[in-house]
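Residue numbers (our numbering), protein chains in the order written: chain A, 388 to 458; chain B, 388 to 458; chain C, 388 to 458; chain D, 388 to 458; chain E, 388 to 458; chain F, 388 to 458. Below is one structure, written out as structure tokens; the observations come after it.
Protein chains: 6
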Amino acid sequence: MPNITIEGPPIKDLDVKRRLVKGLTEVAVEAYGLSAQKIRVVIKENPPENVARGGQLLSDIKKAEAKLKGG
Amino acid sequence: MPNITIEGPPIKDLDVKRRLVKGLTEVAVEAYGLSAQKIRVVIKENPPENVARGGQLLSDIKKAEAKLKGG
Amino acid sequence: MPNITIEGPPIKDLDVKRRLVKGLTEVAVEAYGLSAQKIRVVIKENPPENVARGGQLLSDIKKAEAKLKGG
Amino acid sequence: MPNITIEGPPIKDLDVKRRLVKGLTEVAVEAYGLSAQKIRVVIKENPPENVARGGQLLSDIKKAEAKLKGG
Amino acid sequence: MPNITIEGPPIKDLDVKRRLVKGLTEVAVEAYGLSAQKIRVVIKENPPENVARGGQLLSDIKKAEAKLKGG
Amino acid sequence: MPNITIEGPPIKDLDVKRRLVKGLTEVAVEAYGLSAQKIRVVIKENPPENVARGGQLLSDIKKAEAKLKGG
Chain A
388 MPNITIEGPP IKDLDVKRRL VKGLTEVAVE AYGLSAQKIR VVIKENPPEN VARGGQLLSD
448 IKKAEAKLKG G
Chain B
388 MPNITIEGPP IKDLDVKRRL VKGLTEVAVE AYGLSAQKIR VVIKENPPEN VARGGQLLSD
448 IKKAEAKLKG G
Chain C
388 MPNITIEGPP IKDLDVKRRL VKGLTEVAVE AYGLSAQKIR VVIKENPPEN VARGGQLLSD
448 IKKAEAKLKG G
Chain D
388 MPNITIEGPP IKDLDVKRRL VKGLTEVAVE AYGLSAQKIR VVIKENPPEN VARGGQLLSD
448 IKKAEAKLKG G
Chain E
388 MPNITIEGPP IKDLDVKRRL VKGLTEVAVE AYGLSAQKIR VVIKENPPEN VARGGQLLSD
448 IKKAEAKLKG G
Chain F
388 MPNITIEGPP IKDLDVKRRL VKGLTEVAVE AYGLSAQKIR VVIKENPPEN VARGGQLLSD
448 IKKAEAKLKG G
């Protein structure tokens, strides 16, 4: 009963979620040699003001990048 | 200071959450021999389009089941 | 590529989130001797009816405390 | 398919683990109204030098307490 | 910077781990439209006495199944 | 009762762990305005063959880097 948790930005398109869980499950089936029915996947969607890299919120990084391009 | 994280479908009834955390805490107190005050519980509620089994979103599995019954 | 997940009550002030991720990243940089760019931080905000201590929901503990103070 | 993760100190007695997962599962079955077969439980065992409270490692807290009692 | 955590039984063959993280990363790249360098994967290996389904430890379920086959 | 989980490479020096949990706790105390006693920290140590970036295990990335430098 492996469990995959994938955390990333929000995904608006339900078809993208469908392909995501199908793809992750197939890879896990291959690795563990277990039936797909034993694989659980959870998608966690984090807003960009709750994730940071290099000590900066992703929401701030994006704004700074947009300014650079716009300027 | 054990920590219990329980992930499942959304729970609408607050009394169900009350019984859930009380019950989980009692089981942990028994197992670890620690006071209830040291046990932390977190409930995580996942929407059915963010959880998959067998490579299929729970929201799709439920729709397919509803169709079968309805048909 | 260390990852820090911090779970706590909701944080409304974006500046508090900024200081939080900056501070956590600096501490991790110091401990691991890695560049800040390799440190990822995720903030998870739990509503008080989804967290318990001593077998009681935080939302109920707060209500009881407010009553005591009010009485 | 709810999932329960319980993190705490190492548990040496296998019977304690058995009662722990049985108890947690029964509480979840009651709360979600799902069959026990849908409940997954994972026990995570953390060594006391990897957990802290009040900014102090549990291993250090325990040593300090033992000294107090011994002295 | 999405993060994938995959929890399952121990994997002894390093090549299986290589294929696992490569496959999971490719699926995430496709879903999020981000470069592979932004995808982090962590494999967590749980011993069978620390995972349960239906309220029973996997280690006990396996023993019972082996007995059935053997007898 | 906020909880911080920090995942990274193994830390051999106990003093580094002490400074790490002390520093993370201080940052959380500042952000949440709660006493240090309410902050829990857990350190998770992942071996380099269980973490990947860009679809490659850290253990393989390190080997390739060592070769480049050595050659």
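A virtual CB, placed ideally from N, CA and C, is assigned to each residue, including glycine. Model, not experiment: these values are computed from the prediction.
Would residue i pass as a contact of residue j if the rule is Cβ separation under 9 Å?
i                 : j                 : result
Ile430 of chain A : Thr392 of chain E : no
Gly442 of chain A : Val408 of chain C : yes
Arg405 of chain C : Asp447 of chain A : yes
Leu411 of chain A : Leu455 of chain E : no
Quickly, what does DSSP pair residue i with across the bridge? List them, please.
i                 : result
Gly395 of chain D : D:Glu432
Arg440 of chain B : A:Arg427 and B:Gln443
Please check the pair residue i and residue j, which I expect to be a contact at CB under 8 Å, by giving their CB distance rounded to whole angstroms.
i                 : j                 : result
Ala439 of chain B : Leu445 of chain B : 7 Å
Val414 of chain D : Val414 of chain B : 6 Å
Glu394 of chain A : Asn433 of chain A : 6 Å
Lys449 of chain D : Met388 of chain D : Not a contact, Cβ separation roughly 37 Å.
Given the structure, does residue i come close to the ligand ADP, in the sense that its CB is under 8 Å from one of the ligand's heavy atoms?
i                 : result
Leu411 of chain D : With respect to small molecules bound, the structure shown includes none, and the ligand ADP cannot be examined in it.
What does residue i reach in chain F if we use C-beta pairs closer than 8 Å?
i                 : result
Pro389 of chain C : Ile393, Glu394, Gly395 and Pro396
Cβ closer than 9 Å: which chain F residues qualify as neighbours of residue i?
i                 : result
Val416 of chain C : The contacting residues do not exist; Val416 of chain C stays about 10 Å from chain F at best.
Arg427 of chain B : Met388, Asn390 and Arg427
Would you mind telling me which residues of chain D sit closer than 9 Å to residue i, beta carbon to beta carbon, in chain order?
i                 : result
Arg405 of chain E : By Cβ distance, chain D contributes nothing, its closest Cβ being about 25 Å from Arg405 of chain E, past 9 Å.
Give the residues of chain B in contact with residue i, contact being defined as C-beta atoms less than 7 Å apart.
i                 : result
Leu411 of chain D : Leu411 and Val414
Glu436 of chain C : Leu401 and Lys404
For a contact defined as C-beta to C-beta under 8 Å, what are the partners of residue i on chain A?
i                 : result
Gln424 of chain C : Arg440 and Gly441
Listing by chain order, which chain C residues have their CB less than 7 Å from the CB of residue i?
i                 : result
Leu444 of chain A : Lys404, Arg405 and Val408
Chain F partners of residue i, CB-CB under 7 Å?
i                 : result
Ile430 of chain E : Asn437
Check your understanding: Do the region 410-422 of chain D and the region 393-409 of chain B touch if we need at least three Cβ pairs shorter than 8 Å?
Key -> Enough Cβ pairs lie closer than 8 Å, so yes.
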